[in-house]
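Residue numbers (the numbering used here), protein chains in the order written: chain A, 1 to 184; chain B, 1001 to 1481.
See below for the structure under consideration.
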């Protein structure tokens, strides 16, 4: 992130400079979760497994794919997700433009009242923190190992298995990540 | 990194656009040939003066650091410390500073220079923000280079729904120039969160509201008035009613900062009217945390909650301005804050005598809050010049108008008690046999304002919190900061 204009906080600074995010859902029963593929290579393999794991857990999902990871999602896709889903998982960011655009998408969903989480690779933890500070949203993220482009499909599926409960816990307060996942 | 400046030698600041600078180009050549260390900073054209290898100071950083007020400026440095300075062309002084005689043969003995670019309007604060120690303590919010700063302010929930001016250091510093108070001075605690506010935070919000620095004293006085316990700002902002603070400005400052007390003064189009009221509301929102739907619980609200601020027309010497009626000495500046709603128009194009007009105004004023509610709210009457002229021409002054209006609004209890005339609303049934006034004697505030043509005045209903006569009152405060 390139620093831009610097402003001064007009508030009493009694709270974080970040806007609290839309709280996680109380339950996933009856909820539909959007799985938004940001369009980056190999991300679909990760999301395929996330989709299966959701199905095994009885979580209804709808699958979306952005035309490109280098831009924010098309307006009609955002509107469709917001009108049909109550939570969103955005995956899988492993570059700067992915991280920036997907965080803006996450913010867009948040403002429409969707509980959301972004999945990124470890390398982009700092970029995500910077972007969410610039946007001003206390956005949620789950990280998987970096790099992912040189992994086998099985390895990407394993990433999904290791992170599924953390991802669901980020969008639903009733889900508890397993101790193993929490450690991750 | 700024260009290094030698510990010893001469430093010159110049710009091509300055005729005197151009005139002394040959003199600068003489200085260069003298063998002394010479650094020439150029403010506008990095190629000027071409023959002397000038140092580009188009960022004005060195001009700011050396606090250059005019060009050309010549400074002598010894062991890194400034020991002498002159500006403009003055042969004697240049010879004294440089130690070289016979400089500028053929030139006049002296010629004034031009203003330094670093001192142009608005530039100095920007340079101060960039290179100086601003002393500002509010939390820094750094945007991404690609972010839209207007959208960033919306994203953070800092606005009332309209765009705000992004609060950059340069703008805040300029705003602080508008008051004698120190940035860290404590003003009070802003409800509903009762968060402390300093002059700096007032300035940040005034920037966002779009204020000019010379509005700051009015904004500060309005805030101080709003924070007086008897103004009950806390209840006013959280209320389910329509009301918000209405600010009336009196005194010479209203004219000095260009406030509108005439045509459309309760409407749009005047920067001071619009932004002073808005600044107070942004402070309530951003510092106090009073946001609609959270603790601001207005059923409907009102457009005045964006801003409602105007000046009184004090041009008619027969009219006693509101602030003076409320204890402020003539010629002093003051704000009066009234807890009020939007306007109810009063149309009367037939009354010719003060008695007729009084009865007519009373009919409309009786409708405030509800025709059968009495001693329940206050009211503000904005009396238009043509209506006032009917009173004035009959020799009625403010006190007489108030007295006659109150008298015209006294009604038998049996007409206004709950249930009377088939309407449940009204005063307590126990008051059936009393004569009941619509407002308390101090509960009607009359302001003279508006365009010169039009028999249209305005009534602003007061907030229902005004029924607690001794707990919630309008507040007048002198503008001093």
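All C-beta atoms, glycine included, are put in the ideal place defined by N, C-alpha and C.
Quick one: residues in its chain with C-beta nearer than 7 Å to the C-beta of residue i, no 5 flanking neighbours on either side, listed in chain order?
i: residue 65 of chain A; result: 37 and 39
i: residue 21 of chain A; result: 110, 137, 138, 139 and 140
i: residue 1345 of chain B; result: 1456 and 1458
i: residue 169 of chain A; result: 175, 176 and 177
i: residue 43 of chain A; result: 37, 91 and 92
Ignore the nearest five residues each way along the sequence and tell me which others in residue i's own chain have a CB closer than 6 Å to its CB.
i: residue 1274 of chain B; result: 1307
i: residue 118 of chain A; result: 90, 102, 106 and 141
i: residue 1017 of chain B; result: 1044
i: residue 1150 of chain B; result: 1163
i: residue 1351 of chain B; result: 1357 and 1360
i: residue 1446 of chain B; result: 1381 and 1383
i: residue 73 of chain A; result: 66 and 105
i: residue 1277 of chain B; result: 1247, 1307, 1308 and 1309
Rounded to the nearest angstrom, what separates residue i and residue j at their Cα positions?
i: residue 1451 of chain B; j: residue 1390 of chain B; result: 15 Å
i: residue 1166 of chain B; j: residue 1131 of chain B; result: 20 Å
i: residue 1181 of chain B; j: residue 1202 of chain B; result: 11 Å
i: residue 1458 of chain B; j: residue 1215 of chain B; result: 26 Å
i: residue 1163 of chain B; j: residue 1153 of chain B; result: 8 Å
i: residue 1268 of chain B; j: residue 1287 of chain B; result: 26 Å
i: residue 1290 of chain B; j: residue 1174 of chain B; result: 27 Å
i: residue 1327 of chain B; j: residue 1123 of chain B; result: 42 Å
i: residue 1237 of chain B; j: residue 84 of chain A; result: 37 Å
i: residue 1021 of chain B; j: residue 1027 of chain B; result: 10 Å
i: residue 1011 of chain B; j: residue 1092 of chain B; result: 18 Å
i: residue 113 of chain A; j: residue 1376 of chain B; result: 41 Å
i: residue 71 of chain A; j: residue 78 of chain A; result: 13 Å
i: residue 166 of chain A; j: residue 81 of chain A; result: 22 Å
i: residue 94 of chain A; j: residue 127 of chain A; result: 10 Å
i: residue 1366 of chain B; j: residue 1299 of chain B; result: 23 Å
i: residue 60 of chain A; j: residue 54 of chain A; result: 7 Å
i: residue 1065 of chain B; j: residue 4 of chain A; result: 24 Å
i: residue 1414 of chain B; j: residue 1423 of chain B; result: 12 Å
i: residue 1117 of chain B; j: residue 1005 of chain B; result: 20 Å
i: residue 125 of chain A; j: residue 99 of chain A; result: 9 Å
With a 10 Å radius around its C-beta and 16 neighbouring C-beta atoms as the bar for buried, classify residue i as buried or exposed.
i: residue 1079 of chain B; result: exposed
i: residue 1081 of chain B; result: exposed
i: residue 131 of chain A; result: buried
i: residue 1316 of chain B; result: exposed
i: residue 1198 of chain B; result: buried
i: residue 41 of chain A; result: exposed
i: residue 1310 of chain B; result: buried
i: residue 1217 of chain B; result: buried
i: residue 1368 of chain B; result: buried
i: residue 7 of chain A; result: buried
i: residue 1169 of chain B; result: buried
i: residue 1349 of chain B; result: exposed
i: residue 1397 of chain B; result: exposed
How close, in whole Å, do the beta carbons of residue i and residue j come, if the pair is a contact with beta carbons under 8 Å?
i: residue 1083 of chain B; j: residue 1074 of chain B; result: About 12 Å separates the two Cβ atoms, so there is no contact after all.
i: residue 1337 of chain B; j: residue 1225 of chain B; result: 5 Å
i: residue 1059 of chain B; j: residue 1046 of chain B; result: The Cβ separation is near 11 Å, so there is no contact.
i: residue 146 of chain A; j: residue 122 of chain A; result: 5 Å
i: residue 1077 of chain B; j: residue 1008 of chain B; result: 6 Å
i: residue 1448 of chain B; j: residue 1312 of chain B; result: 6 Å
i: residue 144 of chain A; j: residue 116 of chain A; result: Actually they are not in contact, since the Cβ atoms of residue 144 of chain A and residue 116 of chain A sit about 17 Å apart, beyond 8 Å.
i: residue 28 of chain A; j: residue 50 of chain A; result: No, residue 28 of chain A and residue 50 of chain A are not in contact; Cβ-Cβ is about 14 Å, not under 8 Å.
By Cβ distance, which residues of its chain are closer than 8 Å to residue i, with the 5 residues on each side in sequence left out?
i: residue 1339 of chain B; result: 1231, 1232, 1236, 1243, 1244, 1245, 1246, 1378, 1462, 1463, 1465, 1466, 1472 and 1474
i: residue 1394 of chain B; result: 1353 and 1354
i: residue 16 of chain A; result: 138
i: residue 1437 of chain B; result: 1374, 1375, 1406, 1409 and 1410
i: residue 1429 of chain B; result: 1417, 1418 and 1419
Original post:
Which of the residues in the segment 1155-1166 of chain B, read from start to end, lie with their CB under 9 Å from any CB of chain A?
Top reply: When C-beta distances to chain A are compared with 9 Å, the residues of the segment 1155-1166 of chain B below that value are 1155, 1156, 1157, 1158, 1164 and 1166, in chain order.
Subject >> Contact set between the segment 1141-1154 of chain B and chain A, restricted to residues whose Cβ is under 8 Å from the partner >> reply: If the cut-off is 8 Å between Cβ atoms, the segment 1141-1154 of chain B has 1141, 1142, 1143, 1144, 1145, 1146, 1147, 1149, 1152 and 1153 near chain A.
Subject >> Against chain B: residues of the segment 131-147 of chain A by CB proximity under 8 Å >> reply: Flagged, chain order: 131, 133, 134, 135, 136 and 137.
Original post:
Relative to chain A, which residues along the segment 1449-1464 of chain B have a C-beta separation below 7 Å, given in chain order?
Top reply: Contact residues of the segment 1449-1464 of chain B toward chain A are absent (C-beta to C-beta distance below 7 Å).
**OP:** Could you run through the segment 1120-1140 of chain B and flag, in chain order, every residue whose CB is less than 7 Å away from some CB of chain A?
**Re:** So the list reads 1136, 1138, 1139 and 1140, given in the order they occur along the chain.
**OP:** Please list the residues of the segment 1164-1189 of chain B that have a C-beta atom closer than 8 Å to any C-beta atom in chain A, keeping them in chain order.
**Re:** Of all residues in the segment 1164-1189 of chain B, 1166, 1167, 1168, 1169 and 1172 have a Cβ within less than 8 Å of some Cβ in chain A.
**OP:** Please list the residues of the segment 120-131 of chain A that have a C-beta atom closer than 9 Å to any C-beta atom in chain B, keeping them in chain order.
**Re:** The residues in question are 130 and 131.
**OP:** Compile a chain-ordered list of the residues in the segment 1204-1217 of chain B whose CB is closer than 9 Å to at least one CB of chain A.
**Re:** Against chain A - using a Cβ distance shorter than 9 Å - the residues of the segment 1204-1217 of chain B are 1204, 1205, 1207 and 1208.
Original post:
Mind listing which residues of the segment 1010-1042 of chain B have their C-beta closer than 7 Å to chain A's C-betas, in chain order?
Top reply: Per Cβ criterion, the list is empty.
Subject >> Near-chain A residues of the segment 1273-1301 of chain B (beta-carbon distance less than 8 Å), N- to C-terminal order >> reply: Within the segment 1273-1301 of chain B, the qualifying residues are 1282, 1286, 1287, 1288 and 1289.
Subject >> Contacting positions in the segment 1353-1378 of chain B - beta carbon closer than 7 Å to chain A >> reply: Cβ contacts with chain A come from no residue of the segment 1353-1378 of chain B.
**OP:** Report the residues of the segment 10-25 of chain A with a CB closer than 7 Å to any CB of chain B, ordered along the chain.
**Re:** Sequence-ordered contacts of the segment 10-25 of chain A with chain B read 10, 11, 12, 13, 14, 17 and 19 [C-beta pairs closer than 7 Å].
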